[in-house]
Amino acid sequence: MRGFFISRIGRRPDVDDLVQNALMRVHRGFTDLKDDSRLKAFAMKGALYELQDFYRGRYTPKEALFDIHDAPEISDDQGPAGAGLDVEKALSALSEKARQIIELREYGYKYEEIAEMVGSTEAAIKMQVKRAFDRMRAALGLFLLWMAGFPMIER
Amino acid sequence: MSYDLEHILSLDEWTDSDRDAVRLAVQADPDLRQALQRWFVLSAALSERWHAHAPSRYALVLLACKDRWNDTDLSNDERSQLEDAASCLEQAAGNHSAVTIILDRIARDAVAFDSAWNEAFVPVSRGSDRGPLRQERATARPLRLVRLAMAAAAVVALILVGRNVLTPDGGAPFAVYSPEDAMQKVTLVDGTEVRLATGSRLDVFFDLESQERRVLFEGSAFFDVAEGPRTFRVETANAVTTVWGTSFGVHTESGTDVTLVSGRVSIASIQTPDHATILTPGDQGRLPVGASDVEVQSFSQLEGFDFAELLVFRNTPMREVVQRLTEEFEVSITVSEDLSEAPLTGTFESERGTKAILQIIVAALGANLDESQNGSFHISEQK
Chain A
127 MRGFFISRIG
137 RRPDVDDLVQ
147 NALMRVHRGF
157 TDLKDDSRLK
167 AFAMKGALYE
177 LQDFYRGRYT
187 PKEALFDIHD
197 APEISDDQGP
207 AGAGLDVEKA
217 LSALSEKARQ
227 IIELREYGYK
237 YEEIAEMVGS
247 TEAAIKMQVK
257 RAFDRMRAAL
267 GLFLLWMAGF
277 PMIER
Chain B
-19 MSYDLEHILS
-9 LDEWTDSDRD
1 AVRLAVQADP
11 DLRQALQRWF
21 VLSAALSERW
31 HAHAPSRYAL
41 VLLACKDRWN
51 DTDLSNDERS
61 QLEDAASCLE
71 QAAGNHSAVT
81 IILDRIARDA
91 VAFDSAWNEA
101 FVPVSRGSDR
111 GPLRQERATA
121 RPLRLVRLAM
131 AAAAVVALIL
141 VGRNVLTPDG
151 GAPFAVYSPE
161 DAMQKVTLVD
171 GTEVRLATGS
181 RLDVFFDLES
191 QERRVLFEGS
201 AFFDVAEGPR
211 TFRVETANAV
221 TTVWGTSFGV
231 HTESGTDVTL
241 VSGRVSIASI
251 QTPDHATILT
261 PGDQGRLPVG
271 ASDVEVQSFS
281 QLEGFDFAEL
291 LVFRNTPMRE
301 VVQRLTEEFE
311 VSITVSEDLS
321 EAPLTGTFES
331 ERGTKAILQI
341 IVAALGANLD
351 ESQNGSFHIS
361 EQK
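Here the protein sequences line up with chains A and B, keeping their order. Under our numbering, residues 127 to 281 are what the first sequence spells out, in order. Under our numbering, residues -19 to 363 are what the second sequence spells out, in order.
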């Protein structure tokens, strides 16, 4: 377990937590292990689940940066039907590659890992993110003006 | 000094110190605050659509490894999850191309688990099983532009001594002296890598219980500090530098010079540790002997650390990058006029060689690299 997690996320303090949690998963699930010879498959499943949970909890910058009452929220039932349109425009302004990178980032992968997964370099990935940000800036600006109580601006 | 938007977007893992710094930055700069809010709105919207269409994380694991497991390996709930996820996989992958990439990644995670398991439990086949793990690791190794791609070529004997000393029951300092005739690369037990110049001295004090990381240093060195739960402190004769996962150079001669390549450090006089100056990437901080204030200036090319066998650029125009590489490798390299002012930020190991470094640079720039028969190179914009 330890060797596996180190090979995935490097030698860092989180490894000990991952090993402990994965072993707890395996221990709790022993009653479901019907064939002792399948222990490896059973342990692998627990380790892979644990790894996905690690990625889920990797980034929490949004909560940390803004006061709760001030954090931007997106919800389909907010405001008039046209309100979400600007977000749609912003999303449609993204290239397929940029959208893919942001999705992988939201999943919890690091830029370095994303670069390896898509066959690029970390610097190129960061540059894509920066470009994506620049492209969607104007469209989202309109949406945020509405969120702040300003009238919608006609283009 | 504060974090700018580009630096914040490029942060990979947010430490507590990063959060504190960004909090201060957004409080001081309404434009930055608004820009970040915009970004979070977009990523939240994408995330929401992802959750609406893509399989759950556990379902992705089941899908990626379905050929590895038989029915008895899965619970009833897992079998049901797998069936549901498989039925909508095509549509999910159509809406979100990242789904396919994640499935591929999880499948490779499973290969890595196989290898780790075999290494631990199948000693007879150890030799033959090492191949796939090494191969998987090799293919997983990315080309890293900003972070150092340091080889783990530290002196084995020193590492072994270090491990013996740096146990929770130990506590004695671990001293590393650089050899007389060559730069030495050392990997500390927390993963931090240090390139020590000849005649430098590094004393390491790691307390694994409190997780305090502290080193005493004199000479010239380049540090690539591994992230950890506690800060990493470099103390020289007159300064204390506090680090949060970063790469930087230190040189002590008539004072202390700290040159920051990536991440964030604070530097203060050892007499007034609470009076610290924050450095951001591209800053060079100097604290002369006897002084309490740090002098800060910017650098575009890191000079004075040739011993580390690194080429460091910070927003350096390509024409200067090309000039530096030409001098370093004694080979003709040219860049087209439209790219000559393009800024480059990156750190390269000289030992990678001309072509490998140029390939990384053109990948980052989205440019072309042409190699002529006489061995010269030309970088031009992609058509």
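Note that the Cβ used here is the ideal one computed from N, Cα and C, for glycine as well. Because the structure is a prediction, the values reported are computed rather than measured.
Kindly indicate if chain A contains any beta-carbon less than 9 Å away from that of residue i.
i: B/Gly265; result: no
i: B/Asp84; result: yes
i: B/Thr296; result: no
i: B/Cys45; result: yes
i: B/Pro122; result: For B/Pro122, the pLDDT reaches just 28, beneath the cut-off of 50, and the residue's location in the model is therefore unreliable, leaving the point undetermined.
i: B/Gly179; result: no
i: B/Thr325; result: yes
i: B/Gly346; result: yes
i: B/Phe357; result: no
i: B/Arg171; result: Note that residue 171 of chain B is Gly in the sequence shown, not Arg. Yes, B/Gly171 counts as interfacial toward chain A.
i: B/Ala72; result: no
i: B/Ile81; result: yes
i: B/Glu99; result: yes
i: B/Leu349; result: no
i: B/Leu319; result: no
i: B/Asn50; result: yes
i: B/Asp89; result: yes
i: B/Ser360; result: no
i: B/Ile250; result: no
i: B/Arg18; result: yes
i: B/Arg194; result: no
i: B/Gly107; result: Here the model assigns B/Gly107 a pLDDT of 35, short of 50, so the residue's position is not dependable, and the following value carries that caveat. Judged by the 9 Å Cβ criterion, B/Gly107 is not in contact with chain A.
i: B/Ala65; result: no
i: B/Ala8; result: no
Below 8 Å on the Cβ atoms is my guess for residue i versus residue j; work out the distance and round it to an integer in Å.
i: B/Ala32; j: B/Ala90; result: Going by Cβ atoms, the distance from B/Ala32 to B/Ala90 rounds to 27 Å, so no, they are not a contact pair.
i: B/Gly171; j: B/Arg193; result: Wrong, their Cβ atoms sit about 11 Å apart, outside the cutoff.
i: B/Ile250; j: B/Ala256; result: Incorrect: roughly 11 Å between the Cβ atoms, too far for contact.
i: B/Val220; j: B/Pro253; result: 5 Å
i: B/Leu338; j: B/Leu349; result: 5 Å
i: B/Ile86; j: A/Leu230; result: No, B/Ile86 and A/Leu230 are not in contact; Cβ-Cβ is about 13 Å, not under 8 Å.
i: A/Phe259; j: B/Leu(-11); result: 6 Å
i: A/Ser299; j: B/Ala92; result: It is not possible to answer for residue 299 of chain A, since the shown part of chain A is limited to 127 through 281.
i: B/Pro261; j: B/Val241; result: 6 Å
At a CB-CB cut-off below 9 Å, which residues of chain A make contact with residue i?
i: B/His377; result: Nothing in the structure corresponds to residue 377 of chain B, since chain B is present only between -19 and 363.
i: B/Val41; result: Lys171, Leu174, Tyr175, Leu177 and Gln178
i: B/Ile337; result: Here the premise fails: no neighbours, minimum Cβ distance about 12 Å.
i: B/Ala343; result: Ser246, Thr247, Ala249 and Ala250
Which chain A residues sit within Cβ distance under 7 Å of residue i?
i: B/Ser27; result: Glu232
i: B/Gly208; result: Pro139
i: B/Glu(-14); result: Lys256
i: B/Ser23; result: Ile228 and Glu232
i: B/Arg304; result: In chain order: nothing, as chain A lies at least about 18 Å away.
i: B/Arg37; result: Gln178 and Arg182
i: B/Ile340; result: Thr247
Using the beta-carbon of each residue, which ones in chain B are nearer than 7 Å to residue i?
i: A/Phe130; result: Ala92, Phe93 and Ala96
i: A/Ser221; result: Neighbours of A/Ser221 on chain B: none; closest Cβ ~11 Å, over 7 Å.
i: A/Asp158; result: Ser55
i: A/Arg123; result: This structure cannot speak to residue 123 of chain A, because chain A is shown only from 127 to 281.
Just checking: is the beta-carbon of residue i within a distance shorter than 9 Å of some beta-carbon in chain B?
i: A/Arg182; result: yes
i: A/Met150; result: no
i: A/Asp282; result: Within the shown structure, residues of chain A are numbered from 127 to 281, placing residue 282 of chain A beyond reach of any answer.
i: A/Val145; result: no
i: A/Lys188; result: Reliability fails at A/Lys188, whose pLDDT of 47 lies under 50, so the model's placement of it is uncertain and no value is given.
i: A/Arg154; result: no
i: A/Ser218; result: no
Which chain A residues sit within Cβ distance under 8 Å of residue i?
i: B/Val241; result: In chain order: nothing, as chain A lies at least about 13 Å away.
i: B/Arg332; result: Per Cβ cutoff of 8 Å: no residues; B/Arg332 is ~13 Å from chain A at best.
Which residues in chain B sit within 9 Å of residue i, going by Cβ to Cβ distance?
i: A/Lys215; result: Within chain B, no residue comes near A/Lys215; the closest Cβ sits about 11 Å away, beyond 9 Å.
### Query
Counting Cβ pairs, one atom from each stretch, are 3 or more of them under 8 Å apart for the region 61 to 69 of chain B and the region 22 to 37 of chain B?
At 8 Å Cβ cutoff, the stretches touch.
### Message
Check whether the region 283 to 298 of chain B and the region 175 to 184 of chain B are in contact - that is, three or more C-beta pairs closer than 8 Å.
### Response
Below 8 Å, enough C-beta pairs join the region 283 to 298 of chain B and the region 175 to 184 of chain B to call them touching: three or more.
### Task
Entirely within the region 199 to 279 of chain B and at least 4 residues each: give me those alpha helix (DSSP H) ranges in chain order.
Correct list: empty.
### Query
Does the region 230 to 243 of chain A touch the region 166 to 185 of chain A, meaning 3 or more C-beta pairs lie closer than 8 Å?
Output reads yes: the region 230 to 243 of chain A touches the region 166 to 185 of chain A.
### Task
Say whether the region 301 to 321 of chain B touches the region 339 to 359 of chain B, bearing in mind that this needs 3 or more beta-carbon pairs closer than 8 Å, one atom from each stretch.
At 8 Å Cβ cutoff, the stretches touch.
### Task
Count the CB pairs spanning the region 320 to 339 of chain B and the region 291 to 310 of chain B that are closer than 8 Å, and state whether there are at least three.
Enough Cβ pairs lie closer than 8 Å, so yes.
### Message
If we require 3 or more residues per run, which beta strand (DSSP E) segments fall completely within the region 275 to 343 of chain B?
### Response
You should have 275 to 278, 290 to 297, 313 to 315 and 323 to 329.
### Task
At 4 residues or longer, and completely inside the region 20 to 82 of chain B: list those alpha helix (DSSP H) runs for me, N to C.
The alpha helix (DSSP H) runs lying completely inside the region 20 to 82 of chain B and spanning 4 residues or more are 37 to 44, 56 to 67 and 69 to 75, given in chain order.
#### Entry: Residue ranges of each alpha helix (DSSP H) within the region 139 to 184 of chain A, 4 or longer
Runs of the alpha helix (DSSP H) inside the region 139 to 184 of chain A: 140 to 154 and 165 to 182.
### Task
Specify whether the region 158 to 169 of chain A and the region 43 to 61 of chain B touch according to this definition: at least 3 beta carbon pairs, one from each stretch, less than 8 Å apart.
Contact holds: three or more Cβ-Cβ distances are below 8 Å.
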